[in-house]
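S.K.: Input: one structure, supplied below.
In our numbering, the protein residues as written are -5 to 245.
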């Protein structure tokens, strides 16, 4: 079974992360498949809105750390950067349905979505510092702007999980739904968007996004530090400790 399931219906392209045995942790190949799906959705005039969801039980546990260490991103055309470019520049509305864990990129990608529906079970986290890394996907720009600097500092510097009610309160989520209705709610909303005038919808999104400063530049700056940290002694210790289920020792 495919780890990324792509379907189109009623003007809505749905991308479902489907690796439940690994809590939908993302590999380079999965990033590539999602990037391809976003590109296809952008090019298809029949697609008016895009939904991103996870297989039941999780949105995504973030990067598959073993795959990430074995296949670190190399250059701007690596699958992960293609996906981040795709989600940050999408002209069509993006709707997310979040069930269970949304770790790392599972949370940062939501900052690029236009509407986010969280299940009651949803748990969000930005654990980059805990893994001796830095934020990505322009989250160091977008999160402080969305939730305020002090709240963003709490989320990024401490890296502790927070629930759907907290995500709703700070504006990361639009609504909290029962677990068995979150995908249905996201799809119903996407169908509403798909029925609206497409040019007006695209231009309205474009005008709002223009106020977010230089997302591409922020992603590039983050990428320089992310790549350096990924090969650092700190990161090796943090990730080794994660796999060995022990507290890391720094310095």
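All C-beta atoms, glycine included, are put in the ideal place defined by N, C-alpha and C.
Report the three-state DSSP secondary structure of residue 51 (helix, strand or coil).
M.R.: coil
S.K.: Apart from the five residues just before and just after residue 229, which ones in its own chain have a Cβ nearer than 6 Å to its Cβ?
M.R.: 126, 223
S.K.: In chain order, what are the residue ranges of uninterrupted beta strand (DSSP E) at least 3 long that sit wholly in the segment 155 to 197?
M.R.: Correct list: 169 to 171.
S.K.: Report all residues from its chain with a CB closer than 6 Å to the CB of residue 1; omit the five preceding and five following residues, and keep chain order.
M.R.: 8
S.K.: Between which two residues does the beta strand (DSSP E) containing residue 118 stretch?
M.R.: 117 to 119
S.K.: Residue 16 and residue 70 - do their beta-carbons sit closer together than 8 Å?
M.R.: no
S.K.: Roughly how many angstroms lie between the CA atoms of residue 171 and residue 46, to the nearest whole one?
M.R.: 16 Å
S.K.: Would DSSP call residue 3 helix, strand or coil?
M.R.: strand
S.K.: If we call anything under 8 Å between Cβ atoms a contact, is residue 188 one with residue 5?
M.R.: yes
S.K.: Could you tell me which uninterrupted alpha helix (DSSP H) segments, each at least 4 residues in length, are contained entirely in the segment 64 to 109, listed from first to last along the chain?
M.R.: 73 to 83, 99 to 102
S.K.: Output needed for residue 123: all residues of its chain with C-beta closer than 7 Å, excluding positions within five of it in sequence on either side, in chain order.
M.R.: 150, 151, 153
S.K.: State the DSSP-derived secondary structure class of residue 8, mapped to helix, strand or coil.
M.R.: strand
S.K.: By Cβ distance below 7 Å, which residues in the same chain neighbour residue 30 in space, the five residues on each side in sequence not counted?
M.R.: none
S.K.: For the alpha helix (DSSP H) containing residue 238, list its first residue and its last residue.
M.R.: 227 to 238
S.K.: Could you give the distance in angstroms between the alpha-carbon of residue 239 and the alpha-carbon of residue 186?
M.R.: 45 Å
S.K.: Three or more C-beta pairs closer than 8 Å, one from the segment 22 to 36 and one from the segment 192 to 208: is that the case here?
M.R.: no
S.K.: Measuring straight from C-alpha to C-alpha, what distance separates residue 115 and residue 97?
M.R.: 13 Å
S.K.: Below 8 Å, can you find three or more Cβ-Cβ pairs linking the segment 34 to 52 to the segment 82 to 101?
M.R.: yes
S.K.: Mind checking whether residue 141 and residue 164 have CB atoms under 8 Å apart?
M.R.: Their beta carbons are under 8 Å apart, which means residue 141 touches residue 164 by this criterion.
S.K.: Are there any heavy atoms of the ligand MN lying less than 7 Å away from the beta-carbon of residue 146, as far as the coordinates show?
M.R.: By its list of ligands, the structure shown contains no ligand whatsoever, and the ligand MN lies outside what it can speak to.
S.K.: Contact defined as beta carbons within less than 8 Å: I believe residue 251 pairs with residue 53. What is the distance between those atoms, to the nearest angstrom?
M.R.: A query on residue 251 cannot be resolved here, the shown segment of the chain reaching from -5 to 245 and no further.
S.K.: Could you please give me the residues that DSSP links to residue 43 through a beta bridge?
M.R.: 6
S.K.: Note down, in chain order, each residue of its chain lying with its Cβ closer than 6 Å to the Cβ of residue 118, except the 5 sequence neighbours on either side.
M.R.: 96, 101, 156, 161
S.K.: Report the three-state DSSP secondary structure of residue 20 (helix, strand or coil).
M.R.: strand
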